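From first to last, the protein sequence lines stand for chains A and B. Its first residue numbered 5, the first sequence is counted upward by one per residue in our numbering. Its first residue numbered 8, the second sequence is counted upward by one per residue in our numbering. Cβ coordinates follow ideal geometry from the N, Cα and C atoms, glycine included. Because the structure is a prediction, the values reported are computed rather than measured.
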Amino acid sequence: MAEKFTFSLDGQEITAEPGQSIMKAADAAGVYIPRLCDTEGLKPQGSCRVCVVKMNGRTVAACTQPARADAIVESETPEIMGYRRDLVRMLFHEGNHLCPICEASGRCELQAMAYRLGITQSTKYPYLQPVRPVDASHPDIVLDTNRCILCGRCIRASRDIDGKNVFEYVGRGVHKKVGVNGDSLADTDVSIDDRAINLETCPVGCIIQKGRGFFTPIGERQFDLAPIGSNGKGRKA
Amino acid sequence: MPESPLSKHAKAEQAVMAICERFGNDRTRLLDILLEVQARFRCVEPSLMECIARQIGTYRVEVEGMVSFYAFFSDSPRGQVVIRLCDDIIDRHAGTEEIAQVFSRILGIGFGETSPDGRFTLEYTPCIGMSDQAPAALINERVVTCLTPARAEEIALGLKQGLGPGELDLPEGDGNNLNPLIGSMVRNNIRLRGEVLLSDVPADAGLHKALRRPPDQVREEVERAGLLGLGGAGFPAGRKWRMAADTPAERRFVICNADEGEPGTFKDRVLLTERADLMIEGMTIAAYAVKAREGIIYLRAEYAYLRRYLDTVLQRRRDQGLLGTDADGPGGFDIRIQMGAGAYICGEESALISSCEGLRGEPKNRPPFPAESGYLGYPTIVGNVETFCCAARILDRGAAWFRSWGTKASAGTKLLSVSGDCERPGVYELPFGISVRELLDLAVAPDAAAVQVGGASGQMINMSQFDRRICQEDLPTGGSVMVFSAKRNILEIVEYFLDFFIEESCGYCTPCRVGNVFLKRRIGKIRQGLCQPEDLDYLRELGKTVAETSRCGLGHTSPNPVLSTIANFPLVYAALLKINRDGREASFNIQSALEESRYLAKRRSMIYDPTYEGD
Ligand SMILES: Cc1cc2nc3c(=O)[nH]c(=O)nc-3n(C[C@H](O)[C@H](O)[C@H](O)COP(=O)(O)O)c2cc1C
Ligand code: SF4
Ligand code: SF4
Ligand code: SF4
Ligand code: FES
Ligand code: FES
């Protein structure tokens, strides 16, 4: 096996294997780096940018950047935290997020990340207010992409774990969104048992299982109990 | 007997299947398949997506992902004749709006519309590489330039009377544009020929000399010459070649980036027209130097009018034994042309590779770099048209000769595309290190008040900075130099560039997808006089976040127009900002805030509406 090496993350020495991402190495050492599009069990994609860190002075995404021997990596600095706050705010403002009436509230990673980063009130950015039709065609599943943060977790889970390709990106730029393989969800071979539909897959509240709404009382929801990142890894998928 | 819809559909499917088969039902050739389907049916509608997906073994939603990514594809039918009028900033200043009105009036449709009889579609498009002869448009593949209302009227009437784009009576171009294989009214506008590229070059001299030396020496010659990539990023070409050669692999690729999408750049157009052999010679040398057998020229869709000519040059070189034989040596290498489909981001080298692989033109994560793992996972050199041309000249005349021009960090000459408010727009071949002022003198731009160096993603400089020099040490550029006189509105230009980036962002990462929209909205508010000095901090902070956290060069540079104008044109901003004395936000305008509720309630208010006098 190839030689392990170490690098520094906010002054702490972290051990890594060749090819391992900064994120994976930090996870293994129990050091949490904030993230939204990356989740255990799926190939990293590097799109939300919330995991940005500085490696030897250059901003990189921790989830896709391989660690390097002797690298000096900064994560929880005021500059990086500022970037993360801006990015999370952008995601809030890109979609329609009304947490008090949202089914995912309390187990939503975007909401939890906002709390972690100290974003508690509406921010300086304008709202883009998308108007996208909700797809409730399927007997068991509702897809509401008005809250989508384009993390691609449903896409990767369906393709790489379920072997189905129910979801895929369509459009580009600010018009980019998640499409389904057919006229609507009912038209696809999606099933409630798919990994893509698992409540842990979508970090926000886009993929909803019919007949299972608001099932955990306020106060007992995942992020009521402990803030995101408490287990050193974010949520498992 | 009228054809039944069923058999019509079955026939369409058959035609689509035949197209797929011609590309070996190869998933990686999806871009080519879609280009042909779009050309044939004027759209790729969902039933055809389904059919393609079945045929090449993918999913309909993946085909939809492609169709919805590229501007030249549509899921509902476009007209038989599609008129794409450039509405980039240079053309706007040259009178796009008037031209647009003429087309709309005569064809009876607005922009973004298709005529009900299915004959015409009008669309706007960003820079089509004709900024030196603006306003310009594409009529299907045909380019029309130097549009005046009179010429536009003549063209529109001709089309309406049933002339095809190829039958329009247009003036002649110059140089090789007169070649019947090109047959275009485009003018080269070569204003200054330097020694390296635009003076007469002997055919294949560099290639023959290269072949007499071992590949590693060829690479070393390029490294010694200090040739930096001329497409914008300025990465040392020789080092890229070495990386590709040193990566063990079964296959390697050489790709020429002829996507030339940076607004205001058109020098590759001139090289493709006048120096196609030199460019292919350079690619062949690169292939020899890294032991590649396969090459691709990625040609932007807007340059489709050059396709037939380039194909002919490739074929002639095959006939000469310089390409496409089984032998080792030069002939062991062959090149295909990959047409683009309207996406600026596909000029970014890893997005370009995605596009060649039949994927959405999204950049890839790095590392690995294309030189290690590029097209289909094989080591791939992606180089700009001009870079390959220079490489061929270096192998002919040697590294020292090349280094005798330019600066320490930027060796050689550079083709500069000059457009905008000057008397002599066009292509200038000048040694690196030339000052902006010298260039403006050559282009006769006495009224220049601001110059955008490096295209939309570059820097806007003011008059006191005209002594800055074009080179790696000071102002790097892929070649675009846009000149603006004092009568131009700087913030209109900035807002346009942001629109461009919003439109062209691939949407993969948050800061570029969303952040550019926010930048543009705030610039829009400033232009309306609704902002205060603190808004500049907002723009600087947001711009920094976008530049620092974006995933590729597009987002790294898209805030540049904002940041460089805040730095270099502070008075332009100051004139529009309101100092906030009453503690209220200047950005709050009660009338516009009320506009939506008025609309929804379908009535107006006595209290807030100064012009309202009661029903
Ligand atoms: C958004 C974007 C667009 C680009 N467009 C082009 C282009 O049209 N032509 C080009 O040669 N390089 C373009 N580049 C630079 C390429 O990524 C790459 O650096 C270049 O093709 C490498 O060739 P060179 O080293 O010879 O310049 C672009 C880069 C970015 C980030
Ligand atoms: S998805 Fe999350 S952030 Fe959005 S409304 Fe629901 S709980 Fe709030
Ligand atoms: S639907 Fe959910 S999982 Fe899928 S991309 Fe959007 S936010 Fe991510
Ligand atoms: S920076 Fe923009 S163009 Fe580049 S990957 Fe991100 S969204 Fe796409
Ligand atoms: S977690 Fe790394 S970019 Fe999203
Ligand atoms: S062709 Fe219109 S700006 Fe380049």
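For residue i, which three-state DSSP category applies?
i, result
"B:Gln140", "helix"
"B:Glu257", "coil"
"B:Gln479", "coil"
"A:Arg62", "strand"
"B:Asp622", "Interpretation of B:Asp622 is limited by its pLDDT of 44, a score under 50 that renders its predicted location unreliable; the figure taken from the coordinates is listed afterwards. Reduced to three states, the DSSP call for B:Asp622 is coil."
"B:Val451", "coil"
"B:Ala407", "helix"
"B:Asp341", "strand"
"A:Ala241", "Its pLDDT being 39, under 50, A:Ala241 is placed unreliably in this model, and the value from its coordinates should be taken loosely. Coil."
"B:Pro577", "helix"
"B:Met346", "strand"
"A:Lys180", "coil"
"B:Met489", "strand"
"B:Asp544", "helix"
"B:Glu130", "strand"
"B:Gly560", "helix"
"B:Glu309", "helix"
"B:Met192", "coil"
"B:Cys429", "coil"
"B:Ser442", "strand"
"B:Thr152", "coil"
"B:Ser75", "coil"
"B:Asn469", "strand"
"B:Ser81", "coil"
"B:Cys519", "helix"
"A:Asn150", "helix"
"B:Cys27", "helix"
"B:Asn147", "coil"
"A:Asn202", "coil"
Inspect the beta-carbon positions of residue i and residue j and report whether they are closer than 8 Å.
i, j, result
"B:Glu356", "B:Val392", "no"
"B:Gly485", "B:Gly239", "yes"
"B:Arg149", "B:Tyr312", "yes"
"A:Val178", "B:Gly72", "no"
"B:Ile352", "B:Cys513", "yes"
"B:Ala378", "B:Ala251", "yes"
"A:Arg72", "A:Arg225", "no"
"B:Val553", "B:Ser571", "no"
"A:Val208", "A:Glu80", "no"
"B:Asp82", "B:Val51", "yes"
"B:Thr420", "B:Leu204", "yes"
"B:Pro575", "B:Ile468", "The sequence as given places Asn at residue 575 of chain B; Pro does not occur at that position. Closer than 8 Å, so yes."
"A:Ala66", "A:Ile105", "no"
To the nearest whole angstrom, what separates the beta carbons of residue i and residue j, a pair I think is in contact under 8 Å?
i, j, result
"B:Glu269", "B:Leu145", "That belief does not hold up - the Cβ atoms of B:Glu269 and B:Leu145 are roughly 18 Å apart, past 8 Å."
"B:Ile287", "B:Arg324", "6 Å"
"B:Asp174", "B:Met192", "First, the residue type needs correcting, since residue 174 of chain B is Glu and not Asp in the sequence shown. Contact flag wrong, Cβ pair sits at about 14 Å."
"B:Ile530", "B:Leu505", "6 Å"
"B:Ile97", "B:Ser122", "Not really, about 28 Å apart at Cβ, beyond 8 Å."
"B:Gly550", "B:Leu526", "6 Å"
"B:Thr272", "B:Gly31", "The Cβ separation is near 35 Å, so there is no contact."
"A:Met59", "A:Gln69", "6 Å"
"B:Asp92", "B:Ser111", "The amino acid occupying residue 92 of chain B in the given sequence is Leu; Asp does not appear at that position. With 8 Å as the limit, B:Leu92 and B:Ser111 do not qualify as a contact, their Cβ atoms being about 10 Å apart."
"B:Thr5", "B:Pro370", "For chain B, the structure presents residues 8 to 622; residue 5 of chain B sits outside this window and is missing."
"B:Val443", "B:Val458", "6 Å"
I need the residues with a C-beta less than 6 Å from some heavy atom of ligand 4; please give them in chain order. Every residue passing the under-6 Å Cβ criterion appears here: B:Ile352, B:Pro370, B:Ser512, B:Cys513, B:Gly514, B:Tyr515, B:Cys516, B:Cys519, B:Arg520, B:Ser557, B:Arg558, B:Cys559, B:Leu561, B:Gly562.
Determine, using beta-carbon pairs with one atom in the region 322 to 329 of chain B and one in the region 292 to 309 of chain B, whether at least three such pairs fall under 8 Å. In this structure the region 322 to 329 of chain B does not touch the region 292 to 309 of chain B; the number of beta carbon pairs closer than 8 Å is below three.
Flag this pair as touching only if the region 86 to 96 of chain A and the region 53 to 62 of chain A have three or more C-beta atom pairs under 8 Å; answer yes or no. Two segments are said to touch when three or more pairs of C-beta atoms, one from each, lie closer than 8 Å; by this definition the region 86 to 96 of chain A touches the region 53 to 62 of chain A.
Check whether the region 198 to 213 of chain A and the region 87 to 104 of chain B touch, using three or more Cβ-Cβ pairs below 8 Å as the test. The answer is no - the region 87 to 104 of chain B does not touch the region 198 to 213 of chain A, with fewer than three Cβ pairs under 8 Å.
Under 5 Å from any heavy atom of ligand 2, by CB: list those residues in chain order, please. Qualifying residues, in the order they occur: A:His101, A:Cys103, A:Cys106, A:Ala108, A:Ser109, A:Cys112, A:Leu114, A:Gln115, A:Arg151, A:Val208, A:Gly209.
Decide yes or no for the touch test of the region 154 to 165 of chain A against the region 131 to 142 of chain A: beta carbon pairs closer than 8 Å, at least 3 of them. They do not touch, by the three-pair rule.
Is it the case that the region 215 to 235 of chain B contacts the region 402 to 409 of chain B, given that we only count it when at least three CB pairs across the two stretches are under 8 Å? Touching, yes, given that three or more Cβ pairs across the two stretches are closer than 8 Å.
Is the region 423 to 430 of chain B close to the region 452 to 460 of chain B, with three or more CB pairs under 8 Å? Touching, per the Cβ criterion.
Can at least three beta-carbon pairs, one atom from the region 147 to 155 of chain A and one from the region 485 to 501 of chain B, be found at a separation below 8 Å? No, they do not touch.
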